[in-house]
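Take a look at the structure below.
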Amino acid sequence: MTIIPRLIAAGADLNRVFRIDVESDGDPNARLTLPLDTALLQESFREHDVALLVLDPMLSLLDGAINDYRAREVRAALEPLVAVADGARVTLLGIAHFTKATGSDPLLLISGSGAFGQLIRAGVGFARDEEGGLVLSTIKNNLGREDLPSLAYTIEPQAVNTPEGETWVSRLVLTGAPASRSVAEILRDRDDGDGHSEQREIDQWLVGYLTDSGGSAPAAEVLSAGRIAGWNDGAVKKARSRIKVESSRSGFGRGALYTWSLMDSMDSYTGARGSMESMVGFDL
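Following the working numbering, the numbering of the sequence shown begins with 13 at its first residue and continues without gaps.
As structure tokens, this is what we get:
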């Protein structure tokens with residue numbers, strides 16, 4: 013209902029496109045999970061002579077036990093797939109999202125661990141410039157130039173014939189004109205004008221991170237993940253105070269370890285990770 017009409021509008025040959033379905037005994041809702049299904053993906057690459065695998069969204073394909081804010085766990089999940097794709101000469105296209113933090117490096121604004129930006133060989137960012145429309149920029153290119161001009165594009169409606177009749181879909185169209193600002197400049201300068209929105213953003217991020225960590229995590233680890241997500245230490249500490257995250261200490265002196273834990277009264281913040289996902293909207 014969504015992908016096929018858009019592929020038709022883009023001129024795709026549907027005979028060369030298929031979706032990966034997963035069968036699992038006793039689980040009718042099984043889905044592709046990484047790194048569990050990496051070996052099966054390798055078999056599919058060979059069987060179907062695959063050239064491109066689209067992971068959309070990439071975060072949702074990671075095993076639920078993996079903390080996507082921990083670089084080591086993200087690498088352990090994705091590096092085997094990268095190796096398999098390299099051997100089979102398959103391009104991996106992962107779709108991710110930017111957080112709403114500001115910063116000069118788009119790779120550090122990708123939701124989740126900084127390992128996502130480190131693992132990829134090339135990245136293309138998309139953002140809306142309030143002054144000049146929609147913009148596409150190269151944000152990483154290990155195998156080529158990184159000084160390519162940013163391009164303007166539009167999203168235009170297009171009629172598509174389907175078995176159920178005519179329907180309208182969106183189609184990305186490059187205008188052919190260079191953009192006045194890059195994605196990096198747009199993300200650095202954006203400001204929604206609401207002084208409380210950034211507070212809500214970081215509050216939801218902190219609750220989501222602690223929830224994914226089982227309810228608590230070492231303070232140093234949380235602050236490190238916050239920096240990767242685009243927040244400074246002071247902002248994360250203020251968020252801890254606002255949402256009343258409990259801080260406990262074990263040990264004394266330089267060997268003391270501080271741990272941040274969600275309190276029992278956090279019911280109003282349940283589902284914070286889902287709220288976070290709905291707020292971000294920039295693709296990589």
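Ideal placement from N, C-alpha and C gives every residue a C-beta, glycine not left out.
Three-state secondary structure (DSSP) of residue i
i, result
"Pro190", "strand"
"Thr111", "coil"
"Pro40", "coil"
"Arg157", "coil"
"Leu52", "helix"
"Pro69", "coil"
"Trp217", "helix"
"Ile20", "helix"
"Leu163", "strand"
"Arg119", "It is worth fixing the name first, because residue 119 is Leu in this sequence and not Arg. Looking at Leu119 - three-state DSSP - the assignment turns out to be helix."
"Asp224", "helix"
"Ala63", "coil"
"Pro169", "strand"
"Val34", "coil"
"Ala8", "Absent from the structure is residue 8, since the part of the chain shown begins at 13 and ends at 296."
"Ile132", "coil"
"Asp201", "helix"
"Gly145", "strand"
"Val29", "coil"
"Phe264", "coil"
"Thr184", "In the sequence on display, residue 184 carries Leu and not Thr. Of the three classes helix, strand and coil, the one that applies to Leu184 here is strand, per DSSP."
"Glu90", "The residue asked about is misnamed: residue 90 is Leu in this sequence, not Glu. Helix, per DSSP."
"Ala77", "coil"
Contact check, residue i vs residue j, beta carbons under 8 angstroms
i, j, result
"Gly227", "Ser262", "no"
"Leu146", "Ala164", "yes"
"Thr86", "Leu53", "What sits at residue 86 in the sequence shown is Val, not Thr. The answer is no: Cβ separation not under 8 angstroms."
"Leu46", "Leu119", "no"
"Leu268", "Ile198", "The displayed chain sequence assigns Ala, not Leu, to residue 268. It is not a contact, given that the beta carbons lie outside the stated cut-off."
"Ala251", "Asp215", "yes"
"Glu213", "Lys112", "yes"
"Leu121", "Phe110", "yes"
"Val257", "Leu218", "yes"
"Ala196", "Ser116", "yes"
"Leu74", "Ala89", "yes"
"Thr166", "Glu158", "no"
"Gln211", "Arg254", "yes"
Presumed contact (8 angstroms Cβ cut-off) between residue i and residue j, rounded CB distance
i, j, result
"Gly11", "Tyr81", "This structure cannot speak to residue 11, because the chain is shown only from 13 to 296."
"Leu19", "Val29", "6 angstroms"
"Gly126", "Ala83", "6 angstroms"
Distance, residue j Cα to residue i Cα
i, j, result
"Arg31", "Ile15", "10 angstroms"
"Ile78", "Gln170", "40 angstroms"
"Asp33", "Asn154", "32 angstroms"
"Ser260", "Ile132", "37 angstroms"
"Thr194", "Glu143", "Per the sequence shown, residue 194 should be read as Ser rather than Thr. Near 12 angstroms, if we compare the C-alpha coordinates of Glu143 and Ser194."
"Pro17", "Gly246", "47 angstroms"
"Leu160", "Leu148", "11 angstroms"
"Lys152", "Glu59", "32 angstroms"
"Glu91", "Trp243", "27 angstroms"
"Leu26", "Asp39", "29 angstroms"
"Asp49", "Phe57", "12 angstroms"
"Ala51", "Phe264", "47 angstroms"
"Gly220", "Met13", "31 angstroms"
"Val102", "Val62", "6 angstroms"
"Thr271", "Ala42", "35 angstroms"
"Glu55", "Val248", "44 angstroms"
"Gln130", "Ala237", "15 angstroms"
"Gly188", "Asp141", "17 angstroms"
"Ala22", "Glu168", "11 angstroms"
"Pro175", "Leu186", "29 angstroms"
"Gly76", "Leu222", "15 angstroms"
Using 8 angstroms as the Cβ pair cut-off and three pairs as the minimum, do the region 93 to 108 and the region 67 to 77 touch? yes
Is the region 172 to 191 in contact with the region 217 to 235, if contact means three or more CB pairs nearer than 8 angstroms? no
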